[in-house]
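Numbering (this note's numbering), first residue to last: 4 to 157. Glycine included, every Cβ here is placed at the ideal spot set by N, Cα and C. None of these values were measured; they are calculated from a predicted model. Single-structure report; data block below.
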């Protein structure tokens, strides 16, 4: 499941009769039938399924009390069947040139920048960039400082 940088917010207002008023990021989520407190789980499941992503849920009761949670889409049997079997998974990342017994780390490159004329680099990362899939993976030898790049396919 891909998790967005910013979750959509589902606002649920429950009136004194237990009737729900639902919106997703301020856009009303209508239904042809009146939905009540007992329908809340089904409504949230419908929204997460439609979005295919988790959502933040904020429920406000008629008495002013509130409840906040994060809801994720239920895994369907089709999604479970789509999971790759162990035999169809890609092989492990491999690299060479490390020292015998050396600890090898896997790092994710978020951004790349050229060093200036003095060999210095300063990176300022906006939050959205942290979630981006640019760059690639590298294997890093912690003693030898050997780096083996692995570029993810486009």
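- Beta-bridge partners assigned by DSSP to residue 72: 60.
- The straight-line gap separating the alpha-carbon atoms of residue 11 and residue 117 is approximately 36 Å.
- Sequence-distant Cβ neighbours of residue 61 in its own chain, meaning closer than 8 Å and more than five residues away, are 12, 13, 14, 15, 69, 70 and 71.
- DSSP places residue 11 in the strand class (E or B) of the three-state scheme.
- The residues 16, in chain order, have a CB closer than 6 Å to that of residue 24 in the same chain once the five nearest residues on each side in sequence are set aside.
- The continuous beta strand (DSSP E) containing residue 27 extends over residues 23-27.
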